[in-house]
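In the working numbering, the protein residues as written are 162 to 603.
Comments concern the structure below.
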């Protein structure tokens with residue numbers, strides 16, 4: 162039975178209000194005119210999430226505005242709890258900037274029936290109780306019409322339960338766990354990102370195309386990484402390979418990787434793998450790759466979509482990750498290298514340029530991840546005829562079809578709305594400090 166978070170949330174809100182009175186208000190509401198914090202000093206999160214679709218049938222429209230010219234009507238308040246501080250500060254800040262970039266685009270092009278989107282944003286400090294408090298506050302005090310986010314994977318379930326209880330539409334990121342994909346689907350919320358089945362399919366294609374028969378895998382604590390490897394263990398025998406998943410895991414705050422490297426070397430000597438999967442964020446995958454190469458390991462090494470991030474060069478240096486192969490969700494790490502017939506290329510290039518102009522830096526996957534929440538929310542409001550009826554918007558969310566987003570093609574149904582993206586995993590390899598395109602996998 163699912164836990165109920167509303168009562169807990171109300172209690173936490175009261176506590177937060179009391180703390181704010183004593184601490185001069187640690188949470189600040191922001192609108193889309195302000196750029197969110199870009200603090201990159203905190204240890205990055207591994208929440209990634211997502212593998213887009215490669216459906217090349219129709220080229221669906223990505224116009225979510227329903228009007229032209231700047232929106233000037235009454236603002237539509239949309240709530241966002243994200244991680245601007247704490248362990249997920251770096252990717253959470255990129256996520257928030259992606260939201261701001263897409264909101265600016267929607268508003269500059271007519272908004273929703275002439276009404277601009279206004280983001281009501283709070284920092285959850287990478288903690289679930291804070292996210293619960295923020296979401297309840299946004300709904301009950303700020304009177305938001307709907308919510309997007311939060312950022313972290315482990316916050317999605319409590320956020321969706323609040324949306325269900327309060328009957329407020331929500332666009333969550335994900336990625337969904339296997340349990341969430343198999344369980345009863347919610348009526349008031351959807352999740353965008355591709356889950357373990359899509360990511361495992363992409364990895365398996367790399368394994369089989371390279372003829373690897375014996376693969377060793379290790380990952381961080383995120384469910385998406387652990388469950389993807391679980392599926393590879395199960396799929397191996399029927400597909401001609403053996404996948405050995407190490408029981409060792411590491412957290413987002415791991416700084417000393419020598420103990421992990423020592424354990425990996427023990428397993429490498431034991432099973433003599435053809436290739437290694439380091440399914441973790443860039444903060445972990447970079448040091449592991451560098452360490453393994455320094456220890457004389459020469460077999461191919463493949464990283465997760467959370468590894469496909471320019472920040473990896475700042476952690477260990479571009480030379481240290483030369484030759485590392487990565488999967489990317491949609492190819493945003495280098496859209497210029499994507500094939501011209503790739504269905505996401507046009508909107509990714511457009512987003513890439515808009516984001517650079519707005520923030521004077523290149524977007525990463527997490528920025529595209531945040532922008533997708535706005536894109537999907539705007540499309541649902543458009544199809545519902547505006548932002549006047551929450552029930553109509555929730556119904557529209559669960560019935561969206563062929564929505565081209567930065568992660569992939571979003572498709573939902575009322576009985577399958579926890580994973581909108583079902584493909585578009587792209588393989589890159591790092592060469593000369595650049596992510597070079599290899600192939601589209603699914």
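Backbone N, C-alpha and C define an ideal beta-carbon position, used for all residues, glycine too.
Where does the unbroken alpha helix (DSSP H) through residue i begin, and where does it stop?
| i | result |
| --- | --- |
| residue 295 | 289–301 |
| residue 272 | Counting along the chain, residue 272 falls outside any alpha helix (DSSP H), and DSSP gives it neither H nor E. |
| residue 367 | 357–370 |
| residue 477 | 472–477 |
| residue 341 | 339–343 |
| residue 641 | This structure leaves residue 641 out entirely; the chain is present only between 162 and 603. |
Assuming residue i is part of the beta strand (DSSP E), what are its boundary residues?
| i | result |
| --- | --- |
| residue 317 | First-last for residue 317: 317–327, but that is the alpha helix (DSSP H), not the beta strand (DSSP E). |
| residue 436 | 436–440 |
| residue 428 | Per DSSP, residue 428 belongs to no beta strand (DSSP E); it is in the alpha helix (DSSP H), 419–432. |
| residue 239 | 237–243 |
| residue 531 | Looking at the DSSP string, residue 531 is not in any beta strand (DSSP E); the run it does join, the alpha helix (DSSP H), is 526–544. |
So, at 8 Å on beta carbons, what are the nonlocal neighbours of residue i in its own chain, with the 5 sequence-adjacent residues on each side left out?
| i | result |
| --- | --- |
| residue 330 | 306, 307, 308, 324, 349, 350, 538, 541, 551, 554, 555, 558 |
| residue 201 | Low local confidence applies: a pLDDT of 34 at residue 201 is under 50, so the model's placement there is unreliable, with the coordinate-based value given in what follows. Correct list, in chain order: 250, 251, 254, 472. |
| residue 509 | 491, 492, 493, 496, 499, 529, 567 |
Using the DSSP secondary-structure output, state which residues sit across from residue i in a beta bridge.
| i | result |
| --- | --- |
| residue 375 | 403 |
| residue 464 | 439, 487 |
| residue 555 | Paired residue(s): none; residue 555 is not in a bridge. |
| residue 600 | 588 |
| residue 389 | Beta-bridge pairing links residue 389 to no other residue. |
| residue 279 | 238 |
| residue 577 | 574 |
| residue 331 | 308, 350 |
| residue 150 | Shown here, the chain extends from 162 to 603; a query on residue 150 therefore has no answer. |
| residue 380 | 440 |
| residue 284 | 243 |
| residue 565 | 570 |
| residue 582 | 571 |
CB residue i to CB residue j, shorter than 8 Å?
| i | j | result |
| --- | --- | --- |
| residue 525 | residue 254 | no |
| residue 393 | residue 364 | yes |
| residue 639 | residue 493 | Any question about residue 639 goes unanswered here, given that the chain covers just 162 to 603. |
| residue 304 | residue 406 | no |
| residue 491 | residue 568 | yes |
| residue 264 | residue 273 | no |
| residue 332 | residue 583 | no |
| residue 591 | residue 483 | yes |
| residue 580 | residue 342 | yes |
| residue 505 | residue 564 | no |
| residue 531 | residue 260 | yes |
| residue 411 | residue 421 | yes |
| residue 523 | residue 262 | no |
| residue 461 | residue 425 | no |
| residue 368 | residue 314 | no |
| residue 366 | residue 602 | yes |
| residue 234 | residue 281 | no |
| residue 381 | residue 455 | no |
Taking only heavy atoms of the ligand ZN into account, decide whether any of them is closer than 7 Å to the Cβ of residue i.
| i | result |
| --- | --- |
| residue 425 | Among the components of this structure there are no ligands whatsoever, and the ligand ZN is therefore not found. |
Does residue i come within less than 8 Å of chain C when only Cβ atoms are used?
| i | result |
| --- | --- |
| residue 411 | You won't find chain C in this structure, because it holds only one protein chain. |
Once you ignore the five residues that flank residue i on each side, which residues in its own chain have a CB closer than 7 Å to its CB?
| i | result |
| --- | --- |
| residue 549 | none |
| residue 388 | 338, 339, 357 |
| residue 321 | 331, 333, 347, 350 |
| residue 547 | 273, 274 |
| residue 588 | 367, 486, 488, 599, 600, 602 |
| residue 232 | 268, 271, 272, 275, 276, 277 |
| residue 533 | 353, 566, 567, 568 |
Cutting at 6 Å between CB atoms, please list the residues of its own chain near residue i, excluding the five before and the five after it.
| i | result |
| --- | --- |
| residue 403 | 375, 397 |
| residue 292 | 242, 285, 311, 316 |
| residue 575 | 559 |
| residue 451 | 477, 481 |
| residue 217 | Residue placement at residue 217 cannot be trusted, given a pLDDT of 34 that sits under 50; what the coordinates show is reported in the next sentence. Correct list, in chain order: 504. |
| residue 470 | 443, 525 |
| residue 371 | none |
| residue 209 | In this predicted model, residue 209 has a pLDDT of only 36, less than 50, meaning its place in the structure is not dependable enough to derive any value. |
**Prompt:** Is the stretch 477–490 close to the stretch 409–421, with three or more CB pairs under 8 Å?
**Reply:** No, the stretch 477–490 is not in contact with the stretch 409–421.
**Message:** I want to know whether the stretch 280–291 touches the stretch 242–253 - three or more CB-CB distances under 8 Å.
**Reply:** Yes, the stretch 280–291 touches the stretch 242–253.
**Prompt:** Does the stretch 460–467 come within contact of the stretch 434–447, defined as at least 3 CB pairs closer than 8 Å?
**Reply:** They touch, by the three-pair rule.
**Prompt:** Below 8 Å, can you find three or more Cβ-Cβ pairs linking the stretch 366–386 to the stretch 431–438?
**Reply:** With a cut-off of 8 Å, the stretch 431–438 and the stretch 366–386 count as touching, because enough Cβ pairs lie within range.
**Request:** Pair every Cβ in the stretch 266–277 with every Cβ in the stretch 334–344, then say whether three or more of these pairs are closer than 8 Å.
**Result:** With a cut-off of 8 Å, the stretch 334–344 and the stretch 266–277 do not count as touching, because too few Cβ pairs lie within range.
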